[in-house]
Structure formats: structure tokens, C-alpha cells
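So the sequences go chain by chain: A and B. Note that this note's numbering has the first sequence beginning at 1, numbered continuously upward. Note that this note's numbering has the second sequence beginning at 1001, numbered continuously upward. C-beta: ideal position from N, C-alpha, C; glycine also. Here's the structure, in C-alpha cells; my notes come after.
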Amino acid sequence: MTQSLSYQELQEAYLALQSRVTRFSSKEQELINAQDMLDQELVGYKRMNDFHALAIEAQDVPNFIALVAETVVDLFETEIGFCCLRQLDGETCLFSHLEGGGQQYADALMQTIGGLGRDAKMSFEMSSASEDVDAPIGRYMLAKRSREGSGLELVVVAAVSRLRSQTYAEFNRRAFTLFQLFVDSSVAYLESILARDRVKEQLETIRKSELEQRRLSLIATKTHSGVIITDAKGHIVWVNDAFQTNTGYVMSEILGKKPREFLQSPELNSPETMHKLSRALRKRENITIDLKNSRKDGSLFYIRLNITPVFDQDEKLVSFIALQEDITAQKENEAKMMEKNEELTKINQELDQFVYSISHDLRAPLLSIQGLLGLIETDRWTEENREYLQLIDESTQRLDHTILEILNYSRNARLDITWSAFNLRSYIQDILTDLQSMRLDVITEVIWSGEEQVHLDEVRVGVLLNNLLSNAIKYSKRGQDDAKVRVRVETTPEECLIAIEDNGEGIEEAHLNSVFDMFFRASNSSPGTGLGLYICKEITDKLGGDIVLTSEKGIGTTVTTTLPQIEHGQIPSD
Amino acid sequence: MGRYLLIDDDDIIQFIHSKVVKRLDPEADVKTAFSVDQGIKLLDEMAPGPWPDFIFVDISMPVKSGFDFIEELENLHPHAYAKVMAHSRLFILTSSVNPHDLRRSAQCSLVEGLLSKPLNPAALERLLKNAPTHISNG
């Protein structure tokens, strides 16, 4: 049966169908739109994915900052992407990168980011189109993120120029969500990069300290000095090879023991030494001390021990490091030196005594001979016998003179310098008066400048001047009435110059270099030992001064000596 | 006429010195001692009577030295010491050239001077002519 529809019905059905079609088609459009957006989003997430892959591989912070700026441009199809890492105060930019655009955008961006939410821990801003028609930036999205304690802030900006902002429709809510997501993940990556850098730094530090430790332990192992490491209570935790070789103990048998228990039996070192050592350890002070130790086999050796307490970061004592240097040879040498020194001092004293005794014993009979010669009545003697007597007298005087010179020499060589203050002028005058009897015809003259009071070794200066003045008088011009000796003295607080000039026959130039030599005699015509000037040279050397002889044949000889004076404050008050 | 006490262990020197003294002062009363002890004994014996005008004492002698003589006088024989101080002129007469000896004798208030051996007539003559140079504090 055919059911016929009225037009009315058909009309209604058509309208209903039409409205359904319309509904479907708008749904379809919606679906298509949704599909587009999903596609777009997918592109965005795909780009995000690429970003993740690249971010993981970013080598360092600047590298990463640039990556962020580039990704911004890609992700939001903007002209300008900007990223910077700066200090939270906003003053110092550590790294920044501007992708796209030019200097004009850079300046505009700086203005924008500088003024926004500086103290916000996190701030995002989604802009609308700027009202200012001249501003180079049209629309932008901006994020500032900082983490507490880091003091750093990451700023990311996506922006389009004013020209494009008319047509640009991408900065919608969805894009903004993506932007937030992107910035958050960027911050996370940045943190991991920063953390990685810190770890790298720490690793480097550790590597260095390990290297140092390896070096140190190499030194400790290879050094010839014994090394002991103890815990805070002084129990041995490690010793080096040298220690084991030096002492005969192996590490296993002394671990946990205190060094004192087996190295230093109480009688080896003085109580004072041990007390000093204990005190330093108790007070946790560095100490260097010489000790006598015993080896495992009982033999003894000397060490110079240096103990250093080691503290951890919290100033807590963790161990002691002890270095033992074997100084047995040194100690033995010292002892030998001391012994030798004592021996030498004794020999010196004996020798000194010996020289005085000998000179006394030699001189006593000599002086008796001279005394007897003086007593001999020569009135009834022949001329010849009187001459013999005269020769005997001269010979004994010469012998006596020689003995005295040897004594002077030995005295200068061995006795210490004795500084004293005395009046040099009257001292010289006394010597001249004494010597005058040698030659009554010689005129002496003293020319003085400076202080008369001097600080010198009186005894040595006495020998020196006696020798020089007696030479000058002895060798002064003979035969005429103009034999003359001139003494010129110049004193300053630092030194004392004495020039003694005679007008005698002088010394030949060829001999001038030898006059201060031992046993040198320039003349056969007069008696002498050849020791006089040698002793003078020895004395001036000993006193730190110098002596110079100038002479011209037929004109005369001048001996000039310069002696340093001791400073006034240094004079011992004896 | 002077009175002399010579203390020296060397008999030849004693002989010479006596002769030198006698030559200048033929009437001289010369006493000789060959050791410090002997010298002190002589002084003790002389104590009640005439006292020596001159004492010449050697430094280096066996057992006791010239300085021991002076010290012993000062410490053990104060009476004799005072008398020497007041009435005698004491000289060290020595062959020593030891500067230590020279210094030490200069420090002794009892010692008027130091003379070199052998005593020669000229030196003695000068001494006899000159007044004592040291200041007596006794």
C-alpha cells in the first residue's frame, strides 16, 4: 500500500532535512576548524619536541639561551624571539640572544622587559596591541621566571613588529598556554644545565684534589723521610715505606699503636724533650723537635720530628702527620765537631800558655845575660874585648826581639779582639818616647785631626804602632841632622787612619810587593827577623783594616794603615 | 841607705838585681826571697823593725806568683799589707809581656809600677829620684 504524503508533509520533511543538513554542515565546519587547530597545535608540540631534543644537547648556557630565542620564532611564527638570563636585580645581563629584528627591537625589548614585574618570582604577560603607533613592537608575549635562591631570572619574549601585528592573529589563549609551557620547560632545562655546570665544577675540584692527594701520597711513599699518619688520638693509621725501612717495623705490627710506645723508650730522651712533645700534641700545635729513637733491632738513631695536626672543615682534629728526618749523621757530626772544638780550644789555651811559658823561660836566661853584660866593668878591657861584649849585647837583644815577635804573632793569631776606649794621641806619644832611645837624632812630629779618643784593640794597636814606628825611626835618614819621622793621624767615628812617614833610604820598587811577606827582609844592613811588617799585616787583617806601604828609593817610606773603629754603643763595659 | 826586698825564683837575676842596687846605693840593705812564702816570712820577721823602702816582685814563679803574693798579703796579712801600703814602694819586675799581666798589675792599688827585667841602673836611678806616683790610701 502506497502511503502518499501530502505536500504539506513533504514540505515539512524537506525543511526538517534541510535544517539537519545545515546543522551537519556547520558541525562539519566546526570539525574542520577543530582539525586545523589540532594540526596547528601538533606542529607546535612537534616543534616543542624538537626543542627538547636540542635543549638536551645544549652545551652551555649561552648556547641554550640562543636556542630558546630561535625556538620562540619557530614556535609562534613571530618576527622576534628574545631570551636572556640576567641577575634578579635586572642590572646585569649574563647572556642574551635576540633572534630576528634589529637594534631598534632590541632597545624596545629592553624597555619593555626592564619595567615589568621586577620582583615577581614568576610573571607572564600577554599583551594586546600597543596603543603607541610609533612603537616598533606591535604585540608580544613575555615571561619572567626566577627561582628562589638562585638570584637569576630568565626572560623570554615573543614579539611581532607593528607592521605585522595588523595581520597577526596567533597570540590567542591557546598560544599563550603553549608559551607558558615552553618557558616552563626552558627554565627546567636551564636549571639542569646550570646544575650540570656546578657538578662539572665540583668534579673538577675533586679531580684536582685527587691529583694532589695522589701526588702527596706519592711524595709520602717515595720520600726518604719517614711519614706516620695517626688518628686524632695518636694511633698509627699509616706509615710510608721509608719509615718501615728506617725503623725495621712493618706496618701491620704497628697499626693502632702510638709511636711513643715503641720508638722512644723513656730513657732515650730527656724529660724536658718529652714534655715539650706531649704539650704540643695536647695543644694541637705544630712542633719540630729532635729525638733519639730506637729501631726494632734496638739500634739507636736520631730524628728531627715534625708533627702537624690536621683539622677538618669544622676545625675538628682528625689526624696527625709526622715527618721523621734521620739526622743521625748530622748529630754525630755535631758531636764530633763539639769534641774537636773543645779539643781545639784546649789546644789553643795550652798553646797560648806554652808560648808564654817558653817565651818566659827563653827570655829569663837571656835577660840574665843582658843584666850581667850591664854589670861587667869594661874599664880595663882592651878595645877588642869591648867590641866582643858589644856584639854579645846586640845578639842577645836580637834574640829577645825575635822571641817577642813570635809571641806577638802567636798572640794576634789566637787571641780574640778586645775593644777598648783609649787616647790614641798620648798612646802614640808614649811609644815615641820609649823608642826615642833607639836614635836620639830623629825628630818626630805628630799631625792630628779628629778625636784623640779611639775605640780599638789597644794591645794589637800597640804592637802595630811599635813595629811601624820603630821601623820608621830605625830606617830614618842617617848621617845628617835632618832624620825625621812624621806621624799623621786622622780619626773619624768610623775609622782611624795612621800614616807613618820616614825620610830614610826607602825600599826598591822590586821589593814593594813582598814587604808584608813572612820573613821578608829588604835590607841586610840592619838586624831584623822579617816578621815585623808581616805581623802588622796580620794585625790589620784581624782588625778588619788595611795597611799600605809606599816608598821611593832615596826619598823615604810611608806606611798607611786604616783601622775601623767599633761603634761607641758596642763597647763592652769592662 | 835604702832597704830592699827582692822576690824572684831566679838566683842569677837576684844576683844581678842585688848588684845593680848596690852599685847605685852601696850601703843598701838588700834582702832576697826566692819564693812568695819566703818573701812573706821575711816581711813578718821585719814587722817590728825597719821596713823595706822598695819591694821588687817577679810575676812568674813556681807555686805562687807575684799576684798571689799581693793577694796573700791583702787577705792573710793585713798588718803587713797596711805597712807596705804606707811605707813601701812595690814594683812588679818581670820578663812577662802578657798583656793580661800588664792590666792586672795596673789594677792593683799596691803596685806602683811594672818594670822589665833585668832591672837596669838607669831605670832604678829614675825610680830613686822620682817620688812615689801612687796614692796611698792606707
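- Proximity of Ala364 (chain A) to chain B, defined by a Cβ-Cβ separation below 8 Å, is satisfied.
- At a cut-off of 8 Å, the C-beta of Gly248 (chain A) has no neighbouring C-beta in chain B.
- An exposed status is given to Gln8 (chain A), since fewer than 16 other beta-carbon atoms sit within 10 Å of its beta-carbon.
- When rounded, the separation of the alpha-carbon atoms in Leu533 (chain A) and Leu1093 (chain B) is 29 Å.
- Residue contact with chain A for Ile1013 (chain B): present (Cβ-Cβ distance below 8 Å to some residue of chain A).
- With 16 or more other Cβ atoms inside 10 Å of its own Cβ, Pro136 (chain A) counts as buried.
- DSSP, reduced to helix, strand and coil, places Met141 (chain A) within a strand of the structure shown.
- Listed by position along chain B, the residues whose Cβ is nearer than 7 Å to that of Val459 (chain A) are Pro1099.
- Distance from the CA of Ile56 (chain A) to the CA of Lys46 (chain A), rounded to the nearest whole angstrom, comes to 16 Å.
- Taking Glu490 (chain A) as reference, the option from A:Ala483, A:Lys484, A:Asp482 and A:Ala499 with the minimal CA-CA separation is A:Ala499.
- When 8 Å is used as the limit between beta carbons, Asp1010 (chain B) is near these residues of chain A: Ala364 and Ser368, in chain order.
- Looking only at A:Gly44, A:Trp419, A:Glu405 and A:Val61, the smallest Cα-Cα distance to Ser192 (chain A) is reached by A:Val61.
- In the DSSP assignment, Phe311 (chain A) is bridged to A:Leu317.
- Gln353 (chain A) carries a helical assignment under DSSP once its states are collapsed to helix, strand and coil.
- For Lys1117 (chain B), the chain A residues whose C-beta falls within less than 7 Å of its own C-beta are Leu367, listed in chain order.
- If you check the CB distance, Ile566 (chain A) and Trp419 (chain A) come in under 8 Å.
- Proximity of chain A to Lys1019 (chain B) at the Cβ level (cut-off 7 Å) is accounted for by Leu375, in chain order.
- For Asn1120 (chain B), the chain A residues whose C-beta falls within less than 8 Å of its own C-beta are Gly371 and Gly374, listed in chain order.
- In this structure, DSSP gives Ser161 (chain A) an extended state, which the three-state scheme calls strand.
- Counting only Cβ-Cβ distances below 7 Å, Ser1060 (chain B) has contacts in chain A at His360, in chain order.
- Bounds of the beta strand (DSSP E) holding Lys1031 (chain B) are Asp1029 to Ala1033.
- In this structure, DSSP gives Glu325 (chain A) an extended state, which the three-state scheme calls strand.
- A distance of 8 Å or more separates the beta carbons of Ile1016 (chain B) and Val1057 (chain B).
- By the Cβ rule, the segment 146-160 of chain A does not count as touching the segment 36-45 of chain A, because fewer than three pairs are nearer than 8 Å.
- Between Ile1016 (chain B) and chain A, the shortest Cβ-Cβ separation is below 8 Å.
- Leu465 (chain A) has a beta carbon lying at 8 Å or more from every beta carbon in chain B.
- Counting along the chain, Ile417 (chain A) sits inside no alpha helix (DSSP H), nor does DSSP assign it H or E at all.
- With a threshold of 16 other beta carbon atoms within 10 Å, Gln370 (chain A) meets it and is buried.
- Taking a 10 Å sphere around the C-beta of Val1084 (chain B), we find 16 or more other C-beta atoms and assign the residue as buried.
- In the structure shown, Gly226 (chain A) adopts extended strand secondary structure according to DSSP, grouped into three states.
- Annotation for Leu399 (chain A): Leu366 place their beta carbon closer than 7 Å to its own, counting only its chain and skipping 5 residues before and after.
- Taking a contact as a CB-CB distance under 8 Å, the pair Leu469 (chain A) and Leu432 (chain A) counts as one, their CB atoms being some 6 Å apart.
- An exposed status is given to Leu42 (chain A), since fewer than 16 other beta-carbon atoms sit within 10 Å of its beta-carbon.
- The beta carbon of His224 (chain A) sits closer than 7 Å to the beta carbons of Ala242 from its chain, once the five residues preceding and following it are set aside; these are given in chain order.
- Counting along the chain, the unbroken alpha helix (DSSP H) around Ala280 (chain A) starts and ends at Pro271 to Arg282.
- Secondary structure of Asp290 (chain A) (DSSP, three-state): strand.
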